[in-house]
Structures are given as C-alpha cells and as structure tokens.
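Written below as structure tokens is the structure these notes are about.
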Amino acid sequence: MGILINKDTRLLVQGITGSVGSFQAKQMKDFGTGIVAGVTPGKGGSEVHGIPVFDSVKEAVDEADPNASVIFVPPQFAADAIFEAADSGMELIVCITEGIPVHDMMRVCAYLKPQSRLLGANCPGITAPGESKIGIMPNSIHLPGNIGLVSRSGTLTYEIVDLLSKNGLGQSTSVGIGGDPVTGMSFADILELFEEDPKTHAVVLVGEIGGTAEEDSIEFIRGMSKPVISYIVGVSAPPGKTMGHAGAIVSAGSGSALEKIAALENAGVTVAKSPADIVKRLNYFLR
Amino acid sequence: MGILINKDTRLLVQGITGSVGSFQAKQMKDFGTGIVAGVTPGKGGSEVHGIPVFDSVKEAVDEADPNASVIFVPPQFAADAIFEAADSGMELIVCITEGIPVHDMMRVCAYLKPQSRLLGANCPGITAPGESKIGIMPNSIHLPGNIGLVSRSGTLTYEIVDLLSKNGLGQSTSVGIGGDPVTGMSFADILELFEEDPKTHAVVLVGEIGGTAEEDSIEFIRGMSKPVISYIVGVSAPPGKTMGHAGAIVSAGSGSALEKIAALENAGVTVAKSPADIVKRLNYFLR
Amino acid sequence: MKLYEYAAKEIFSGAGIPVPRGNIVTSADEAGETAKKMGAVVIKAQVMAGGRGKAGGIAKSSNPEEASRNAQRILGMSIKGLPVRKLLVEEYKKPQIEMYIGITIDRKSRCPIIMASSEGGIDIEETAREKPQKIVRMHVNPLTGIHSYQARTLAYSLDKKNASAIADVITKLYRVFTEYDCTLVEINPLALTTDGIFALDAKMVIDDNALFRQDAKEEETGSLEELAKKRGMSYVGLDGDIGCIVNGAGLAMATLDMIAFYGGHAANFMDVRAGADAEQVKTALGIVSSNRNLKAIIINIFGGITRCDEVARGVVEMIPEIKVPIVIRLTGTNESEGRIMLGKHGITMASSTEEAARKVVELGHTDK
Amino acid sequence: MKLYEYAAKEIFSGAGIPVPRGNIVTSADEAGETAKKMGAVVIKAQVMAGGRGKAGGIAKSSNPEEASRNAQRILGMSIKGLPVRKLLVEEYKKPQIEMYIGITIDRKSRCPIIMASSEGGIDIEETAREKPQKIVRMHVNPLTGIHSYQARTLAYSLDKKNASAIADVITKLYRVFTEYDCTLVEINPLALTTDGIFALDAKMVIDDNALFRQDAKEEETGSLEELAKKRGMSYVGLDGDIGCIVNGAGLAMATLDMIAFYGGHAANFMDVRAGADAEQVKTALGIVSSNRNLKAIIINIFGGITRCDEVARGVVEMIPEIKVPIVIRLTGTNESEGRIMLGKHGITMASSTEEAARKVVELGHTDK
C-alpha cells in the first residue's frame, strides 16, 4: 500500500479533454491507475480513452464515485476546480497546473477542510509503484520498494526516482508537493505519512532554495524513527531577487541552499551532496 | 454547574464603556459574575466599576485571561468584535447587540471554529442562577433549580423565568439563543448540553413564529431522555410579510405558529398553551 | 426593505443582468408616448404586492393606443388594497422558456442559498410543492462567495445550450445579493427569448439592519408602520379593538396570544423595543390610540434595559388624551417607582401577562 | 513583477493612502520647473534597486536651482549597474516619526502577513534582527480579509495618538495587496509629519502568475531575461562559461550544482519549462549561445510532458550556429527517437545529470 493512494484509488481527471489531460490520463491508465471518470464542462456524455466524461464533479461523483481527483485545467480556472473537488468530497486532490495566482492558492488553502488533502499546485503528482499513479511522472522510472520520496521539484523528482530505480532502490511512494510559494500538503505532512507507513523503511527529501519548507520539517524529522536523507539543490544558484524588506523579515532565514543545509545538518539530518551520494547513503542505512 | 457558564467563568465585556455596557457590567457583577476585564479601543488603562479596561481583546487576554466574552458594541462594529473575540480564543461569545446585518452574521458563522461557541446576536444572554450571568436578564427573576430554559425571545424569556421562579421551579440555566434569522448556537445545540447536564431534569423551549428553528430541533428532542415542554408564541400574530417565492421554497414550512405546534405535537413533543400551562406541565413531569 | 420592480431592475441592469428597456410613467399619456418609441410593450403596475398579473395589473399592449388605454385602466386600480400610482412600461419580449432564479438566506445552514428551476413563471411555488426535483438548490459559502463551478452547474441544470449566459446572470445576481445586503433577490421569470436571456421580473429585499451602509431609500407612505419604524419601534395594524404596547417582539406575541386566549381581539402589534424612554412610550400611545375602534389598551412591560419609571412617566403624561381604559403590567427595573407614579391615576394594574390580558379583555367587553 | 516607486505610489494614492505630491521627470530642467511649483522637494532616482539613498540617488533640494543640480547629478548615475533614466520629484515632508508597514505572504501559514514597526526607515532589517519585539506581526485570513480590529490593534502598537489614520492606511494597503494580486506591498517609512501621515516610499510586487487579470505592464528592457520570459522560459545570466539548458527549475539547479561540483562555472540558469517544443529549444539555444564567454553547452532534459524528439529536432536545427561543444542528456518520453536524431551530429551524449555535468566541464576545460 502506498501512502495517500493505492490499488483501490478511484481517480477523477478534471480537464480530461485538454491535450495534456488526455495524454496524461492515458499514461496513468497504462500505469494501472483506476480512473473512473473525467470532467470537462460542456463535454459531458463523451469518452476519453474509454473513460466517461461528465459536465461537473458532482455528476461524476453521483455516477462513478471517485475518491481522488487530479487537476489539469488552465491556471485561471484551477482554483475553482479545487473548490469543486473539495466541495464534492474528494479525499485527495492533486493539482498539476502550473502558474496559479498565489492569492487563489491562499484562499484555497484557507478553505480546505482536513478531510480533503491537496497536493500541489504545480506538482508532478504521486506514484505508488505497482499500485497507482496520479500525475505526470514518467511511467518507466518507478520500481516498487521501500524508499519514500518527497520533493518540491518536478523533473528533479524524476531524476532521483530514476536514479534510485537504476540502483535497485525501489520506492514505496514518490510524492511531489509542488514548487509554488503556497501549496497544500507540506514536507512534514508527507513525512508523517511515511513514518506511519510500514512499507516505507527510509525517506529521501529533495528540497531547493526559497522559503523555509525544509527548515519547517526539521522538528518532525527529529522525532522520526526512520532514516531521512535530504538533498538540497541551488547551492550554486544566483541569489533570489529580494522581496523588499518584508521577505527577509517574515522568515528568519534567507532561503539560501547553504542556510538550509546548515540548519538540517545542525539538527542531525543527513544531507547528501549529490544524487549519487543519496544512493550511497541509502545503501548505508538499508544494508 | 450551569451549562456553558459557571462560577469559574472569567468574563470579558466588549464595549464596557458604553452606557449599556457599563450598566449591564454592573448588573452582572452584582449577580456574582466573575468579570475580569473590559475592552473599548482608545479607553485602555481606565476602569469601569473597578474592572480594568483594555484597548484590544488580545491585551485583555494577555493581562486577565478571560475565557468568555459578552458584546455590547453597536451593530456596525459587532461582527468585528465577534471576530476579535474568536481570534483571541474565547470559548463562549455572547452577543447582545441588536440590529447586526444578516450578511455580517453569515460571515461570522461561516468563520467560527467549533472551539468558539456563539450565543446570539440579538439575545438576552445566559444565566446560571447562583453561579454566573452573562447578558441582560434582570438579576431578580432567577432561582437556582433543575429546569433548563432555552428561548429565542428577550423579554418573553424574563417572563417565563420569572413565572417559573415564582412557582418554585428553579432553573439550572436559562439561555436566550437570539431572535435574528441567523444566530450562533441553535435550539438543538443547547438541548444537547441540557441533555448531558446532570443538574437539569426538564427543559422548557420557548419558540416563536418565523423560520424553522423549532422544527429543526425535533429530531434531537425525540432522542432525549429528559422531558421537554415547548411553548410557541405568535398564534394570533399577523402572517409575516412574505419573502417573495424564495422564502416559501427554501423551507418546507411557512413558519407559522400553528404549523410549528402541529409539527411538535406530531413528533410527540409537549406543547404548552400558555405560560401558566408550562408550570402545570412541568409540575406534572417533576412531581 | 422591499424594492419596487423598477428599482430592482435598475440595480440588476447596473450589475450587467439583461432586463428589457423600460420607462416609469404615472399617466396614460406617458405610457402612450413610451409605446410609440418601443413598439409592443408590457404595462406593469408598480405595487408591493404579489399576484399583480392575476389581479389584472399587467397588460401586454401592441400599439400606443392600447398602451394608453391599459395604463389608464391600471392606474385606476387597487391591488390588495394598494392604489397603483406608478407603471413600468417595458419593451415586450416574448418568452420561449421561463426559468426561475432566487437567492435568499437559509437560516438553518446560516448561509445564502440559490434556488433555480427550469420551470419558472407564476406557478413556481406549486412547482416547488408538486415537483420538488424541478428545483435545484445550492448553498454558497459566505466567505468565498459563489464559485464559478456552482453558477455553471446550476446553469447546466436549467438549459445546457444557454448555460454560459445563465451562469453569468447567476454570478451577477449573487453579487447584487451580497453588495446590496439583500435578504432576497429573485428573477421570475428569467426568460429565454429570441433576443436572448432577459429578467422579465425582479424582486429585491434589502436587510433593514444594513440600511446604514446602503443608500437605498424607502418611499414614504405616511403609514403608522412607517412612523413607528422611524422611532425605532415596530407596529402592525390588526382587525381587533384592544390596543397593545409591549417591549420585546416575543412578549408582544405572547400578549396577543393571551388576549385571544381570553376571547379578545388585538387592534395592533406594537413592540417598543428594549430601552424605550418616556418619549417613545408617548409616541407609541399616540400611534396605538389613533385607532378609532379602540375599546381598551394593554401595556405590558418587563423591564430589563427598559426602565419602568420611564414607561410610567410616558403613560402619565398621555393620560389626558386617552379615552379608553388602560391595563398596565410593569415588572423589572425600577418597578416600584413606576407603580407609585401610576398609582394615583386610576389605571388598572396587573402582575403578569396572563392577568393583564384577562383584565383588558374584561374591560374591553364592559365598555361595549 | 516589481513596480517602480512612482507607479506604486500612484496606485497607493488611488486607494486613498496619502502620498506627497510628485512628478516624474527625465531632465534637470523639468526637475527645476517642478521644484518652482512645490518649493522644497526630494529628488529620487527611479531604479529597481535597494539602497538608493546610500548610493546617493536621493537628494533633498530646498530651491529650484538645487533641484535642477541634484537631478542632473542623479540622472548621470548608475545604481547597482542600473542607469537612472527617471526621477521622482516630490514635495518634501519632514518626517517626525518613521514607521514601517509591509504585507507579504507567509508561506508556512499559507496566508498574508502584515508586519509593522514603530521604528521604520532604512535600518528596518537591522531592527528585525536586533529588536524583533519592535516588529509586530499579524496574519490575515485570506477569505475574510483584514478585520477592522486587526488594523486597529496594529495601529495602536505603532502610535496610539494617530491610530485611526494609521489603521486606515493599513486597511487600504491590505486592499491594494489583494486587489492587485501582490506578493509584497511595503511602506517604509510611513512618516508622521506636521502635515499628517504620509507614505514616503512605496514598494509593490505583483504576482507574475496573476498578470493575466491585472493590467499592470512591465517596462521593456530588451534583456535576455525578458526575452526568455516572453517565450515562457526562465533565464538568469551568471558569471561562468558553461551554457545550461534544462527543463524544470529543480533539475536546472541540480545541474548548476553538479557543474560546480566538478569544478566548472555555469554561464546561466535556463529553465525551458515542461512541454518545450523544437521552436522553444531553438530560442533557448539562441539566448544561451549569445554569451561570448561560452566554452561549452549542457542540455539536460528529463522528458515527462516534454518530448525528447522535439528537443532533439530543435538542437539539430541550431547546430550550424553553435560554435562550442554540446553535451546532451535526454531521458524520458520519446527518448530513443531523440537519440537517433542526434546520433549523426557528433554531439556528446550522457545518461544522467552527473555524467553530463562531468563531461561538459571536461569539454569546457579542454577548449581553454
């Protein structure tokens, strides 16, 4: 059983008739994901790859009883799609869409009740190898196993998953939480699920510069029984454009990679120096 | 111990320097209520009847640690006062103010978390005889005892409490939930507390025409172990001004007293014909 | 505060909801003039009463002469007792489909509720009773306002082909509902015509408690209800002969019920509200005693914020002008002071609502 | 999108926040003319850089001659590499107290946060570090917006005597923050002067993701960054000599890190985003190769939505124009098609980011 998703996940695809939604629905179906319905307003009654399409999430719920939703609608409409999914009782909402206004996302996050968990937006989704995949990670890179992976990035997530798989280090679940300033589930939220998941033996956390999401997870990591290997990118990245004084005042840290790495190491969290180093350290913990 | 309030209640009075706020603070103090602080922006540092006044609820919380608040501020500012009380962690908020716009109250109710309970607005408050009083019920009418009273009215509540007391039927707690279309706690919310309260042996529910608050409580009453005597006023009142078609469509009932009485009696709830009849029926149940 | 159809339509139109072109007129000539410009028109009586159509207060007119004639007739009418003083003359739009959209407050859920039906028109309440599945309901979270998907879903349930125009109307109507602090907005029918979608009727009620931040102004009628409202009191005229003055709406209703219980008939409902002073009591007595059928007056005060001595002072000052017997019940704040003031004036006293009601019914009968 | 001070002040002023009267000028003469009308003025360089004051880009001028002289001097300056082309000439207001108000997004709490301090001015970041108790913070629920009590409480903590004027500024500033989809609004200092409260400086950053619904328009600079942004890509120039083209910001950063790990220096950061096609890859190669210091180029693609064959096609078409060696790593969707297309062009292939980085650093060194 993966965290958040598994063989029994009944997926709804919002924006299924768009080019990306349609292509990715096919990929997910090929992966083995149980897709039960799609939604595109005005396209109700049609089919995409044999998946029935409805005009609204409510109709899809009434007819096909999904419990999770993935969102491929354009950024202007994505927040509304999340509201619709949440109001219709979806337990997991994965928003792939990139470019959603941050004020929309703040409103969404303030609105969501604990029974609806949101991954993203601007995330690659979540994959439980051999069980289910929601999102856009390439199908071929995954290998079932005991490593939990959580990342803020997109393609970098693929890179690490691919590397782990090629080195025989299978994954229980790989999760992208999204790279936007305001997202749904945090590192700590995912780590908590990995800690509880009997199938996960070790966790890889892939972070990057900006914000304090990595630092905010430290407290939880310290209480974990499972090894966590972190990897932070952006050491050689140009310093971010400063956000007036307020950006520096609001968080104690500046969000630089070196500061993050120092904070993690000070707290006793393992920090890998390169992708290859992640593999080395995982092998050390799991030998 | 009363429901919602008791000897340990630490009360904050918002709008304490106004004429009503100041007068009623004195009345509550005389009743024995533990008033620990008052708030009026700009009047911080002063005192009213020996009660320290602060500029904000937050300051009052920091200095005096209240756990309940009563609101006497004018209707334009009352919703903001409720937000302030809720954000500062007040467990019980009693809003006396009459005339708050209903859109403000809808926003307030959608905002409140379960840990903050709201009585009112436009309510006379709550009295646990011998313990504490929050609100504006006259001090002299109460008698400690085992009757729980809950009402949508103001002065009619006094009338019934007074009648009960004069007939030796003391009260565990008397609660006015407020007469506005949108209020915080409902009849059912209060009935639930009376059902759980070991000191309450019977409950009097005073309703009136308009809305379906009485009908909505029927389901809960049917599951109660304690006798509930209801009294509905407005049998001879002129039919309310109709609210377009929507008013009639939104609720199955028209909100008339006769309809309410029929619904209650059909469900097996005792309905008293007059105030004197309440006393008679209570005596029957409690003999 | 209820708005006239034309006032509501002005606001709807300002919010971008399509309404037919129209003119407000007060004479048959003006109606004819307007019809000359517009062609086929509908003449609609502007009164605050339902069932105008059934009462003959709405008339289609194909030419200026007919318009003028119809206007003449309707301006002479009274609908449910209300004389027709203004007409809305509106370009005629032939409805192909009549839908219903209403937004009000769901007290139970404590939030706005939108109701929509593909079968609108004059029989909507019957539809609600007989075919409830034909009415789609949707709650709105007052903190977020209406979500686009909600307007869209409602619109699909009405008419999929015109869903985007209908969703637009719903969204704008919800905006009016919140911006104008409404307790009701209603379009019945929302009609599909060959020229597109139009709101052919419009109802709008603004929350009285929010009038301080809305610039809507009620037209003055000079009624007793209005006079009482201006002084912060609530008065409703009734058919009986016992005048009532009470503080608090609940106690006032209980008083009316008790009067009926003892076989009497109240002449009015009058709530002087919490905190009434002598001046307000005098005004209340003035309003109530202006009724010529009056046989007796009951004053029922349970003083909390209201002070009994203030009430007594107001009553005493008005005694010379009151020609019928008064029964008064005074309990609560400063009760003894009030009783002493009244003592020397031969007014009947009571100590409970029931006693006061019984006594006033007796006095009213005796007088006959 | 960052706004110039004068543009932010225009918006603030439109929202009712008091700002000093001011004029935008581009010459010393205009500055003198403005000063003639206003009396004592402050001349402020309009550049997108902090520390203008310390760099000499702000000058008080008591008379037109001085204003003209100062304008002349500042118009000749560059601040942090940015030439000064525009000046804001503003009526001088002598600050008695300098406060700070800023609103930004607290990522951790996922909501707006207001920060205020009674000790504003140029040393506000130092205040934040040294005397954190001097900075008051307040979160705002994005669904309700700022409550009056919050603005009031913040204002009391700054200056109780002028609390109501300050609360008003805070409320209006919050409104600007949400209405304009800002990620930052800042007034530093908010000054108490003998003429009242004034925003003497203004910062405003609009969320790039929300520009579709804001009519703010960026002034064009013709930079490579801007060119890339217009094509939906993200480019930042750096000091090194290895050009980078990667899909995904995280993978791009990892690539830069790996280049550094192997002793190389990246010439740029370039994220071509998900789904880039051949045309975009060509544009990206054009932008990256316009750097004359370039010794080698790394292209690192992990195709998900992006198709490797499209990338390969773009690269092949640009090969004639690229004068430095290219290392390419292609993995994912349509990988084999892409590899076949590239096979015949003598481009160095790699199968992981680390391998690609190692190879490109080697190639870059060999070339020296």
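Chains as they are written, first to last, in the working numbering: chain D, 3 to 289; chain H, 3 to 289; chain Y, 675 to 1042; chain R, 675 to 1042. Quick reminder that beta carbons are idealized off the backbone N, C-alpha and C, glycines included.
Looking at the secondary structure, which residues open and close the alpha helix (DSSP H) in which residue i lies?
i: methionine 927(Y); result: 923-935
Show which residues of chain Y have a CB atom less than 7 Å away from the CB atom of residue i.
i: glycine 170(H); result: Those within 7 Å of glycine 170(H) in chain Y number zero; the least Cβ separation is about 16 Å.
i: valine 22(H); result: Ile979
i: aspartate 82(D); result: His821, Ser822, Tyr823
i: glycine 122(H); result: The contacting residues do not exist; glycine 122(H) stays about 13 Å from chain Y at best.
Please determine, among the options, the residue with the shortest C-alpha to C-alpha distance to residue i.
i: glutamine 954(Y); options: Ile972(Y), Leu925(Y), Glu984(Y), Gly978(Y); result: Glu984(Y)
i: glycine 23(H); options: Thr159(H), Ala39(H), Ser142(H); result: Ala39(H)
i: glutamate 1028(R); options: Arg1013(R), Lys1018(R), Ser1010(R), Ile1002(R); result: Ile1002(R)
i: tyrosine 233(D); options: Thr185(D), Lys282(D), Glu197(D), Phe25(D); result: Lys282(D)
i: glycine 1006(Y); options: Gly156(H), Ile143(H), Leu166(H); result: Ile143(H)
i: lysine 768(Y); options: Asp889(Y), Ala865(Y), Thr852(Y), Ser701(Y); result: Ala865(Y)
i: isoleucine 37(D); options: Ser155(D), Arg12(D), Glu100(D); result: Arg12(D)
i: proline 786(Y); options: Asn862(Y), Met722(Y), Lys1018(Y), Ile844(Y); result: Ile844(Y)
i: glycine 788(Y); options: Gly819(Y), Asp913(Y), Met1023(Y); result: The displayed chain sequence assigns isoleucine, not glycine, to residue 788(Y). Among Gly819(Y), Asp913(Y), Met1023(Y), the Cα nearest to that of isoleucine 788(Y) is on Gly819(Y).
i: proline 77(D); options: Leu885(R), Gly914(R), Pro757(R); result: Leu885(R)
i: methionine 1023(Y); options: Glu995(Y), Asp913(Y), Ile973(Y), Val998(Y); result: Ile973(Y)
i: leucine 912(R); options: Pro738(R), His939(R), Gly727(R); result: His939(R)
i: glutamate 772(Y); options: Val850(Y), Arg966(Y), Glu793(Y); result: Glu793(Y)
i: aspartate 67(D); options: Met92(D), Val273(D), Gln29(D); result: Met92(D)
i: cysteine 97(D); options: His105(D), Phe85(D), Met107(D), Asn124(D); result: Asn124(D)
Could you tell me whether the Cβ of residue i comes closer than 8 Å to any Cβ of chain Y?
i: isoleucine 138(H); result: yes
i: threonine 244(H); result: Confidence at threonine 244(H) is low in this model, with a pLDDT of 42, below 50, so its placement is unreliable and the value that follows should be read with caution. Output row for threonine 244(H): interface = yes.
i: aspartate 218(H); result: yes
Answer yes or no: do residue i and residue j have a C-beta to C-beta separation smaller than 8 Å?
i: leucine 94(D); j: glycine 180(D); result: no
i: methionine 944(Y); j: alanine 986(Y); result: no
i: isoleucine 777(Y); j: leucine 828(Y); result: no
i: valine 763(R); j: valine 721(R); result: no
i: alanine 934(R); j: valine 237(D); result: yes
i: leucine 136(D); j: isoleucine 7(D); result: Sequence inspection shows isoleucine at residue 136(D); the leucine mentioned does not correspond to that position. A contact, by the Cβ cut-off of 8 Å.
i: threonine 19(D); j: valine 55(D); result: yes
Can you pull the chain D residues whose beta carbon is under 8 Å from the beta carbon of residue i, in chain order?
i: threonine 818(Y); result: Phe85, Arg109, Tyr113
Does any residue of chain D bring its CB to less than 8 Å from the CB of residue i?
i: alanine 729(R); result: no
i: serine 822(Y); result: yes
i: methionine 675(R); result: no
Any Cβ of chain H within less than 8 Å of the Cβ of residue i?
i: proline 848(R); result: The residue you asked about is not proline; residue 848(R) is tyrosine in the sequence shown. Not one chain H Cβ lies under 8 Å of tyrosine 848(R).
i: leucine 930(Y); result: yes
i: valine 1001(Y); result: no
i: glycine 988(Y); result: no
i: tyrosine 909(R); result: no
Starting from the beta carbon of residue i, find every residue of chain Y whose beta carbon is closer than 8 Å, and list them in chain order.
i: arginine 154(H); result: Gly924
So which residues on chain H does residue i lean against when the C-beta distance must stay under 9 Å?
i: threonine 827(R); result: Pro43, Asp57, Ser58, Val59, Lys60, Glu61, Glu86
For a contact defined as C-beta to C-beta under 9 Å, what are the partners of residue i on chain D?
i: serine 1026(R); result: Glu161, Asp164, Leu165, Lys168, Pro277, Ala278
Looking at the unbroken beta strand (DSSP E) that takes in residue i, where does it start and where does it end?
i: arginine 784(R); result: Premise fails: arginine 784(R) is in no beta strand (DSSP E) and is neither H nor E.
i: serine 71(D); result: 70-73
i: lysine 262(D); result: Element bounds for lysine 262(D): not the beta strand (DSSP E) but the alpha helix (DSSP H), 259-268.
For residue i, return the contacting residues in chain H, with the cut-off set at a CB-CB distance below 8 Å.
i: leucine 1038(Y); result: Rather than leucine, the amino acid found at residue 1038(Y) in this sequence is glycine. The premise fails here: glycine 1038(Y) is roughly 15 Å from chain H at the closest Cβ pair, so nothing lies under 8 Å.
Under 8 Å Cβ-Cβ, which residues of chain R neighbour residue i?
i: threonine 214(D); result: Arg781, Lys782
i: isoleucine 18(D); result: Within chain R, no residue comes near isoleucine 18(D); the closest Cβ sits about 16 Å away, beyond 8 Å.
Which bits of chain H does residue i rub up against, with CB to CB less than 7 Å?
i: alanine 873(Y); result: The contacting residues do not exist; alanine 873(Y) stays about 14 Å from chain H at best.
Is the CB of residue i under 8 Å away from at least one CB in chain R?
i: alanine 66(D); result: no
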